[in-house]
Amino acid sequence: MISVLYEDQDIIVVEKPAGMESQSSRGFGADMVSELRGYLISARRPQVIHKAGINNPRRPGAPQPPYVGVIHRLDKPVGGIMVYGKTQKATAALSADLQAGKMEKRYLAVLCGKPVDNQGTYVDYLLQDRKNNRSSIVDKSISGSRKAELNYRILQVIHREEKGQAREYALAEVELLTGRHHQIRVQFAGHGTPLYGDSRYGDIGTTGENRRSVLGLWAFSLSFFHPFRKEQMHFEKKPSGEVFSWFSV
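Numbering (the working numbering), first residue to last: 134 to 382.
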């Protein structure tokens, strides 16, 4: 069931569950675009059993699905707030604002370890490897590299006993200034504090029988200007789940 935070004739703001694709999926798993289309059809015509035809709108006789425009993305393991366009004009306007840096996205991240400074800015150059679905920090002279920038602030540091060993974890608020592939995950791992549960980028507690089931990253805050009314919209949603419940802030 889709959790809707706000909706009007132009946009819809929702909470994306962790583990769901934020755009149309090529496989058989659930994705946000299909779920939103189902929600919109159900809201407009409750008597319609909307499951048929949503993932295969070109099936003969299938109704045309409602328009759902993807403006920004979250990695599949990441949950949190997203905005989608309900019309092409709204989607184009918000996409232009995103490219112009007028959309503010903030995250909560659980780090394995603590950065040296309690707050700071990371500026790196990332190179995406599409074949292996990962990115890495490289020298800015490398062809294809793109600048990645974020601000962070440490909110709380805790210590936990895991299999007889004390481990340090930090809860960070992260402001994303650019939108690169796996950016938050890559930059914190590259600076020595990988995200909890991120076996792809270096959480050493995620191998073998210690493998984590949750990635410690949540998009908790989203601010943008309405595409037509031009008023500022702001939404926040606290994360749920075991790893975030460790912290009191």
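Note that CB positions come from ideal geometry on N, CA and C, so glycine has one too. The model shown is predicted, which means the values in this text are computed figures rather than measured ones.
Notebook entry, point to check: For F368, which residues of its own chain have a beta-carbon under 6 Å away from its beta-carbon, when the five flanking residues on both sides are left out?
Noted result: L138, V146, I214 and L355
Check: Residues in its own chain within less than 6 Å of P179 by CB, not counting five upstream and five downstream?
Finding: At P179, the pLDDT of 48 sits below 50, so the modelled position is not reliable and the matter cannot be decided from this model.
Next item on the list: Could you name each continuous alpha helix (DSSP H) segment of 4 residues or more that falls completely within the stretch 265–349, going from the start of the chain to the end?
Entry: 316–323
Notebook entry, point to check: Whole-angstrom Cβ separation of L241 and F357, contact assumed at under 8 Å?
Noted result: That pair is no contact at about 19 Å.
Check: So is S381 buried or exposed if we call it buried at 16+ other beta carbons inside 10 Å?
Finding: That one is exposed.
Checklist line | Nearest candidate by alpha-carbon position, reference R239, set E168, E364 and Q316 | finding: Q316
Check: Counting Cβ pairs closer than 8 Å, one from the stretch 278–285 and one from the stretch 247–265, do we hit at least three?
Finding: yes
Next item on the list: In the DSSP assignment, find the beta strand (DSSP E) that holds F380 and state where it starts and stops.
Entry: Where F380 is concerned, there is no enclosing beta strand (DSSP E), given that its DSSP letter is neither H nor E.
Check: DSSP on T220, reduced to helix/strand/coil?
Finding: Coil at T220, not helix or strand.
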